[in-house]
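Some notes on the structure that comes next.
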Amino acid sequence: QHAPNTADNKQAIVHLFEWRWADIAAECETFLGPYGFGGVQVSPPNENRVIAIPYRPWWERYQPISYHLNTRSGNDEDFRDMVHRCNQQGVRIYADVVINHMCGFGGSGHGTGGSYFNAENLDFPAVPYGSNDFNNCSTCGTSDCKVQSYDDVNQIRNCRLVSMLDLNHSSDYVRGKIADYMNYLTSIGVAGFRVDAAKHMWPGDLAAIFGRLSDLNTAYFPSGSRPFIAMEVIDLGGVISSSEYIHMGRITEFRYGKQIGQIFRKQYGQTLAYLQYIGENWDKESDNNVLVFVDNHDTQRSHGAGGESILTFRDSKLYKMANAFMLAFPYGFVRMMSSYYWDQWWELQSWGLKDSNDWIGPPADGSGNTMGVSINNKGNCRNGWICEHRWRQNRNMVMFRNVAAGHGMFNWWDNGYHQIAFSRGDRAFIAINNEGLWALDATLQTGLSSGDYCDVISGDLSNGGCTGKTITVGGDGRTHIYIAGDDEVPMIAIHAGSKV
Ligand code: LM2
Ligand code: CA
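The sequence shown: position 42 = 42 (mature numbering (1 follows the signal peptide of the UniProt record, and there is no 0)), numbered continuously.
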């Protein structure tokens, strides 16, 4: 379904990519709950292949061995503890489910939970799946069983995606095993799913699987609640359209992050003034059908869609601005990215530059155990974890979005180029100046009632005072906004909850 099952109608979630379950549980209690985050997308919780070359890449999590909850993020008990503790804080957990395939073809061994597998003869006894449960070269139609052409719908869905053993979802048995896995997760208390590689599965097969899903756990959700579904469909034009999926849930709108990146980077003559039309008026699926994001774990390392336009933590100033816009504007359900650092290593390939380090896994000790997230006394993450969601500007815009929920966009203003402002009804107001050189210097309608408001970009409301700029709104709702071109973070955002 399309509704995210958040508590108190909260409006945004964060992807804590590769975090350990114990760290997520603590983050729910100490940070995500208090700051109004609606939930967490977690890395795939099921047992995966252990990849030694390259050493323990992030993408080994996309090579399932079984549906046991046993990964470098933690075991079954850790997962249950996290789901319970996060739900107690009104923070939901969304599981990334990899159900299109099992691991890559070839070899045999043991998964992260110790389960044996043989990827030569398609044997996964811990599920169990055997060779009859997979598509084969004849159902696929290519000589090596792999997707070769992205112009052929049948290949995309029935062949092996980068060699990964492709499950046959027309099989009742396979549907049952997948539904059992997902139902096990909801029985623990997850609120929904990010469905990996949905484009590589037939919509009819997915509908059959989703039809077998149980309602959410009534310990945390009203009875009859259905799991939230966000399907990963990369539709940048091409033979498979996101519209084939939206009756079942939301799709990951990859065109959004690409366009946002182009606009804030001022590529192809794009300006912030165009942002007024971003959304369904601009070749995207409608509000209720999309999950939007500036970047995700694939696009931030040039896997997936968007290429060099995508903004990430490495472009911190523009990234804060893009996130703030996304969180301020009434379009889609929002997911913020939270990353770990890795050193890039650009090498020239025949098709252009490629980061040869794009495989690097999360911060780990010498034995491949993921490092805990440690946080200093300023609230910043250390030892390799970036924690974009903890950056003040990002974190405070989550509350802005919650406060603005249900109110449309009003009082749009722009200078024709890279300065914009708008309100969310009478609840919230934002102004962004991406000119670089020129100040934004204008008297604007905020839609808000008169009073003093704390700008949540430059500071926080604390003990009734504001640690940043204070903005005074007059009786007519107007205020004078000045944002220097070279401001460190050239934006101002105020809302009904930030009144001093
Ligand atoms: C997704 N979307 O559809 C994920 O968001 C994406 O991160 C996954 O790919 C993909 N689906 C499959 O679940 C990643 C990564 C690939 C990686 C796969 C499998 O982008 O590079 O492929 O996970 O781990 C890797 C190697 C590839 C190899 C394959 C199989 O890069 O060269 O193919 O494993 O061994 C021979
Ligand atoms: Ca498939």
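Glycine is no exception: its CB is placed at the ideal position from the N, C-alpha and C atoms.
- Cβ-Cβ separation between V50 and I24: approximately 22 Å, too far for a contact (criterion under 8 Å).
- Cβ atoms of I13 and G38 come within 8 Å of each other, at about 5 Å.
- Looking at Q349, R390 and I229, the one whose alpha-carbon comes closest to that of G379 is R390.
- Assignment of N296 by DSSP, reduced to helix, strand and coil, places it in the coil class.
- Following the DSSP letters along the chain, one finds S423 inside the beta strand (DSSP E) bounded by residues Q419 to R424.
- Take the alpha-carbon of D452 and the one of T470: they are about 6 Å apart.
- In the structure shown, the three-state DSSP call for M336 is strand.
- Residue pairing by DSSP places H480 opposite T443 in a beta bridge.
- For the pair D287 and Y331, the CB atoms are nearer than the 8 Å cut-off.
- Taking a contact to require three or more Cβ pairs closer than 8 Å, the region 96 to 110 and the region 188 to 197 qualify as touching.
- In chain order, K284, E285, V290, L291, V292 and G332 place their CB closer than 7 Å to the CB of E253, counting only its own chain and leaving out the 5 sequence neighbours on each side.
- The count of Cβ pairs closer than 8 Å, one atom from the region 262 to 279 and one from the region 215 to 228, stays below three, leaving the stretches out of contact.
- Taking C-beta atoms under 8 Å as the contact rule, L327 and Y319 fail to qualify, at a distance of about 12 Å.
- Excluding the 5 residues flanking it on each side, D358 has same chain C-beta neighbours closer than 6 Å at R301, in chain order.
- The three-state reading of DSSP puts P330 in coil, since its state is none of H, G, I, E or B.
- Looking only at A208, W202, R226 and D205, the smallest Cα-Cα distance to T186 is reached by R226.
- Under a 10 Å Cβ-count criterion, Y67 is classified as buried, with 16 or more other Cβ atoms of the shown protein chains found around its own Cβ.
- For L16, the uninterrupted beta strand (DSSP E) segment begins and ends at A12 to L16.
- Annotation: K177 is outside any beta strand (DSSP E); the continuous alpha helix (DSSP H) that includes it extends over D172 to I188.
- Y274 is not a Cβ neighbour of V190, given a cutoff of 8 Å.
- The beta carbon of D295 sits closer than 7 Å to those of G257, I310, L311, T312 and M337, all from its chain and outside the five residues before and after it, given in chain order.
- A distance below 6 Å between beta-carbons, with the five flanking residues on each side excluded, links H418 to the following residues of its chain, in chain order: T271, L272, N434 and E435.
- Assignment of I386 by DSSP, reduced to helix, strand and coil, places it in the coil class.
- In the three-state reduction of the DSSP assignment, H84 falls in the helix class, which pools H, G and I.
- Between N48 and G109 a beta carbon distance of about 11 Å is seen, past the 8 Å cut, so the two are scored as non-contacting.
- For S138, there is no enclosing beta strand (DSSP E); the enclosing alpha helix (DSSP H) covers residues C137 to C140.
- Per DSSP, D196 lies in no beta strand (DSSP E) segment and is marked neither H nor E.
- Per the C-alpha coordinates, the member of M82, G104 and S316 positioned closest to P490 is S316.
- The residue among N217, S214, M321 and I492 with its C-alpha nearest the C-alpha of R265 is M321.
- Rounded to the nearest whole angstrom, the CA to CA distance from R335 to D487 is 26 Å.
- Closest in alpha carbon position to D455, among W438, C28, V473 and D441, is V473.
- Its Cα nearest to that of G107, the residue L165 stands out among L165, V153, G90 and S73.
- Here the distance from the Cβ of D205 to the nearest heavy atom of ligand 1 is not below 7 Å.
- Relative to L236, the option among Y150, A230, N281 and R175 whose CA is nearest is Y150.
- At least one heavy atom of ligand 1 lies closer than 7 Å to the C-beta of A197.
- Contact between the region 361 to 376 and the region 402 to 412 is absent, with fewer than three C-beta pairs closer than 8 Å.
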